[in-house]
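Worksheet: the structure to be examined is printed underneath.
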Ligand code: C2E
Ligand code: CA
Ligand code: CA
């Protein structure tokens, strides 16, 4: 490319120089021609003059050399300095016509007079006139025919000396500036006209200042051509630069496109696919080096809220900001990826042990929980992190990613904004939890839940006074799932309201078959706090036609701790309906006395953990003792749960417990078994 430019420039320069040179040559040729023409014209007019004079003298029948020469002398009147008359015959005598000729200056031999005479007579070709340069003077020599002698014509020859100034005047032609005579050979023959002696040898030169249009052109053109060359060069550089940039851009676009294949367009981070590839690479690398790595799965808490509150653009901005902060925490060989939504993942490399991963997880928590400035407001989010260690937890990509996901799930269900390391027992529980979570809504809506009833006995253990409804989930694949595995989840996922309503209605329906029994239904705190709770109870009772006075709601202390006023109001309404209220799991929570005094409970249920540890430590027995006495003192019914042994039964009975519930009497049983159990009961003993 550059070579081409240089060649082009060189060609351009050569062409210009050549054009200038030939223009100069041409100009010189023209000038010389003008000079020649000018000289010839002068000589011609001298010849003409001489010829006129010669014709004017022709009054004789036959002119003779001697007489004519004499006649000429006075007629030329100084036009010629020397005049000769001769014939054209070779070796003819030369008769001097003028009187006082400076013979030294006009030596006929040196002037080549004979040749001119013969040319005038037409004996030899060539003009009858010439300039002959002698030692330091130029002589114009012309010849003319004297008419009258046909056979041997007479010729008159005139000569005139021209000094340098006269010669210049003589030869002067337009455009021949600085015309001058030089006797030494000039350097530039183009602007010189040679003056020869009679033999034709150059003896002096008429020299002029050549008109050099080419040179002038170059002189004038040079600045332009320099500028032009620069411009051309600039243009060339520009073009080259442009082409280069386009090439680079093209390749970088390609590169970017290629990179983007594996990238999340919003954050520019690797996507799940590329993350997997990198993880594969890292895993095969650590197999050789023996290093460790950690796979961290990250999930923003409350991201949906940000999206809903501030709009998707703010959500996007938050994702980018989070990506940025996360990126700052990592080292070069680490990989940060976005899996979409608010999910990120990290491959932490060069991990020595769990502490290294823990440090990173802590720093992530610290960094991400700092507020973000999004759309002019300060936005706070949390982040949950699940960590799996390679190669400890797994040696392949799929395992590690699955376990990190499990750990993340664990972190989220433990309350979010925390990190959790994968632990081997986690896998199965979490897997189950996920299944549960996925299917629960469906199960509630399609009636796949069921209620078991655990009978509640009188203190003597002889008669059934009621039954507690306990929800079960008959999962098509998992079998019967206990409430401990899905009730909390239902609360978390906002499913507890439909679940609670379903339980309430079903319990009322079933309970109608067992007249005289009080049916206890567990109510979750979230469910109770819902503003429509009382209405939903009323609705369930109304729809089923169940007597409200046979309904007992089991509440936990959590219900009354938060927003006690609202709880109290709801409880008053329920009591007004005739519904009974029991304080479940008594003794496990807060300083229950205050609540017992303030709220309108009918019953306390002593938590089964007291009975479990009663035999082991004496303390629990004392506690149970005081609880029973306290309840009785406050006028409440006291029920003991989890009675498994006769000893416990006897102890509780002796304490004055009103009601007993536990495996000793009956496990929770399906409704149809309840039917049988109640059916054998004499109607009178049901109180
Ligand atoms: P809870 O209200 O304390 O219910 C008593 C739990 O103790 C039941 O477990 C019952 O099967 C168990 N149990 C009864 N007697 C014995 C015994 O002698 N020994 C032992 N070891 N356990 C005994 P379940 O059915 O698994 O229910 C667990 C918890 O789930 C319940 O504790 C209750 O808090 C909750 N729950 C059950 N059904 C519902 C419901 O419909 N709604 C709500 N909100 N919670 C429910
Ligand atoms: Ca209960
Ligand atoms: Ca309980």
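Residue numbers (the numbering used here): 117 to 803. A virtual CB, placed ideally from N, CA and C, is assigned to each residue, including glycine.
*Helix, strand or coil for residue 293, going by three-state DSSP, please let me know.*
As a first step, residue 293 is located in the chain shown; it is residue number 177 there, counting from the start. Coil, per DSSP.
*Classify residue 488 as helix, strand or coil using the three-state DSSP reduction.*
Here residue 488 is taken as the residue at index 372 of the chain shown, counted from 1. The answer is strand: DSSP assigns residue 488 an E or B state.
*Out of curiosity, what's the CA-to-CA distance linking residue 398 and residue 465?*
Start at 1 with the first residue of the chain shown, and residue 398 comes out as number 282. Start at 1 with the first residue of the chain shown, and residue 465 comes out as number 349. Computed Cα separation, rounded: 8 Å.
_I need the boundaries of the beta strand (DSSP E) containing residue 536, first residue and last residue._
What you label residue 536 is simply residue 420 of the chain shown in a count that begins at 1. Start and end: 535-537.
_I'd like the list of long-range same chain contacts for residue 416, defined as Cβ closer than 6 Å, with 5 residues on each side in sequence excluded._
On the chain shown, position 300 is the one that residue 416 refers to. Excluding residues within five positions, the ones whose Cβ falls inside 6 Å are 458, 497, 499.
*Hey, is residue 724 close to ligand 1, as in C-beta under 8 Å from one of its heavy atoms?*
For the purposes of this step, residue 724 is taken as residue 608 along the chain shown, with counting starting at 1. It does: the Cβ of residue 724 is within 8 Å (strictly closer) of some heavy atom of ligand 1.
*Within the present structure, is the beta-carbon of residue 626 separated from the nearest heavy atom of ligand 1 by less than 8 Å?*
Translated into positions along the chain shown, residue 626 becomes position 510. At a threshold of 8 Å, residue 626 does not count as near ligand 1, since its beta carbon sits no closer than that to any of the ligand's heavy atoms.
*What is the DSSP secondary structure of residue 519, counted as helix, strand or coil?*
Locating residue 519 in the chain shown gives position 403, counting from the first residue. Reduced to three states, the DSSP call for residue 519 is helix.
*For residue 711, does the count of other Cβ atoms within 10 angstroms reach 16, so buried, or fall short, so exposed?*
Reading the chain shown from its first residue, position 595 is the one you call residue 711. In summary, residue 711 is buried, with 16 or more beta-carbon neighbours lying within 10 Å of its beta-carbon over all protein chains present.
*Near residue 791, which residues of its chain fall below 7 Å by C-beta distance, leaving aside the five closest residues on each side in sequence?*
For the purposes of this step, residue 791 is taken as residue 675 along the chain shown, with counting starting at 1. Apart from sequence neighbours up to five positions away, the residues of its chain that approach residue 791 with a beta-carbon distance below 7 Å are 629, ordered along the chain.
*Measuring from the CB of residue 508, is there a heavy atom of ligand 2 at a distance below 8 Å?*
As a working mapping, residue 508 is identified with position 392 in the chain shown. Using a cutoff of 8 Å, the CB of residue 508 does not count as near ligand 2, since none of the ligand's heavy atoms is closer than that.
*asked:* Does the beta-carbon of residue 590, which I'm using as the reference point, lie nearer than 8 Å to any heavy atom of ligand 2?
replied: Position 474 of the chain shown, counting from 1, holds the residue named residue 590. Because no heavy atom of ligand 2 lies under 8 Å away, the Cβ of residue 590 does not count as near it: no.
*Looking at residue 543 and residue 519, is the spacing between their C-beta atoms short of 9 Å?*
The sequence position of residue 519 within the chain shown is 403, counting from 1. The sequence position of residue 543 within the chain shown is 427, counting from 1. With contacts defined as CB atoms closer than 9 Å, residue 519 and residue 543 qualify as a contacting pair.
*Considering only residues of the same chain and omitting the five flanking positions on each side of residue 768, which have a CB-CB separation below 7 Å?*
Counting from 1 along the chain shown, the entry for residue 768 is found at position 652. Counting only Cβ-Cβ distances below 7 Å, and skipping sequence neighbours, we find 756, 759, 776.
*asked:* For the beta strand (DSSP E) containing residue 498, name the first residue and the last one.
replied: Here residue 498 refers to the residue found at position 382 when the chain shown is read from its first residue. Unbroken beta strand (DSSP E) run through residue 498: 498-506.
*residue 719 CB to nearest heavy atom of ligand 2 below 8 Å*: As a working mapping, residue 719 is identified with position 603 in the chain shown. Every heavy atom of ligand 2 is 8 Å or more from the Cβ of residue 719, so no.
*Could you give the distance in angstroms between the alpha-carbon of residue 742 and the alpha-carbon of residue 688?*
Looking up residue 742 in the chain shown gives position 626. Looking up residue 688 in the chain shown gives position 572. Taking the straight line joining both Cα atoms gives about 27 Å.
*asked:* Looking at ligand 2, does it come within less than 8 Å of residue 423, judged from the CB to the closest heavy atom?
replied: On the chain shown, position 307 is the one that residue 423 refers to. Every heavy atom of ligand 2 is 8 Å or more from the Cβ of residue 423, so no.
*Determine the closest residue to residue 594 out of 614, 561, 547, with distance taken between C-alpha atoms.*
In the chain shown, counting from the first residue as 1, residue 594 sits at position 478. Closest option to residue 594, Cα to Cα, is 547.
*What are the start and end residues of each continuous beta strand (DSSP E) run of 3 or more residues lying completely inside the segment 377-433, in chain order?*
If we require 3 residues or more, the beta strand (DSSP E) runs fully inside the segment 377-433 come out as 408-417.
*For the 8 Å Cβ check, are there 3 or more pairs between the segment 330-340 and the segment 148-156?*
No, because fewer than three Cβ pairs between the segment 330-340 and the segment 148-156 fall closer than 8 Å, the two stretches do not touch.
*For the alpha helix (DSSP H) holding residue 689, just list the boundary residues, first then last.*
Taking the chain shown and counting its residues from 1, one reaches residue 689 at position 573. Going by DSSP, residue 689 is part of the alpha helix (DSSP H) stretching over 680-693.
*State the Cα-Cα distance for the pair residue 794 and residue 643, rounded to the nearest angstrom.*
One-based indexing of the chain shown puts residue 794 at position 678. One-based indexing of the chain shown puts residue 643 at position 527. C-alpha of residue 794 to C-alpha of residue 643: approximately 30 Å in a straight line.
*asked:* Does residue 745 come out as helix, strand or coil in the three-state DSSP assignment?
replied: The residue given as residue 745 occupies position 629 in the chain shown. For residue 745, the three-state secondary structure derived from DSSP is helix.
*Is the beta carbon of residue 636 within less than 8 Å of some heavy atom of ligand 2?*
Taking the chain shown and counting its residues from 1, the one referred to as residue 636 is at position 520. It does: the Cβ of residue 636 is within 8 Å (strictly closer) of some heavy atom of ligand 2.
*Can you give me the Cβ contacts of residue 136 inside the same chain, cut-off strictly under 7 Å, excluding the 5 residues immediately before and after it?*
Locating residue 136 in the chain shown gives position 20, where the first residue counts as 1. Cβ neighbours of residue 136 within its own chain (closer than 7 Å, five residues either side excluded): 330, 331, 333, 334.
_Which listed residue (262, 167, 784, 257) has its alpha carbon closest to that of residue 203_ = Reading the chain shown from its first residue, position 87 is the one you call residue 203. Ranked by Cα distance from residue 203, the options 262, 167, 784, 257 are led by 262.
*Mind checking which residues open and close the beta strand (DSSP E) that includes residue 323?*
Taking the first residue of the chain shown as 1, we reach residue 323 at position 207. Element bounds for residue 323: 318-323.
*Can you name the start and end residues of the beta strand (DSSP E) that residue 459 belongs to?*
Residue numbering aside, residue 459 sits at position 343 when the chain shown is read from its first letter. Residues 459-467.
*At a cut-off of 8 Å, is residue 640 close to ligand 5 when judged by its beta-carbon and the heavy atoms of the ligand?*
As far as ligands go, the structure on display features ligand 1, ligand 2 and ligand 3 and does not contain ligand 5.
*Thinking just about the alpha-carbon of each residue, which of 727, 561, 282, 682 is nearest to the one in residue 617?*
Here residue 617 corresponds to residue number 501 of the chain shown, with the count starting at 1. Nearest of 727, 561, 282, 682 to residue 617, Cα basis: 561.
*Pick helix, strand or coil for residue 494, following the three-state DSSP scheme.*
For the purposes of this step, residue 494 is taken as residue 378 along the chain shown, with counting starting at 1. Residue state, collapsed to three classes: strand.
*Touch check for the segment 436-451 and the segment 381-397: three-plus C-beta pairs under 8 Å?*
Output reads yes: the segment 381-397 touches the segment 436-451.
*May I ask you to list the residues that DSSP assigns as paired with residue 148?*
On the chain shown, position 32 is the one that residue 148 refers to. Beta-bridge pairing links residue 148 to no other residue.
*Looking at the unbroken beta strand (DSSP E) that takes in residue 701, where does it start and where does it end?*
Here residue 701 refers to the residue found at position 585 when the chain shown is read from its first residue. DSSP places residue 701 inside the beta strand (DSSP E), whose first and last residues are 696-702.
*Can you give the Cα-Cα distance for residue 812 and residue 585, rounded to whole angstroms?*
In the structure as shown, the chain starts at 117 and stops at 803, and residue 812 therefore has no counterpart that could be examined.
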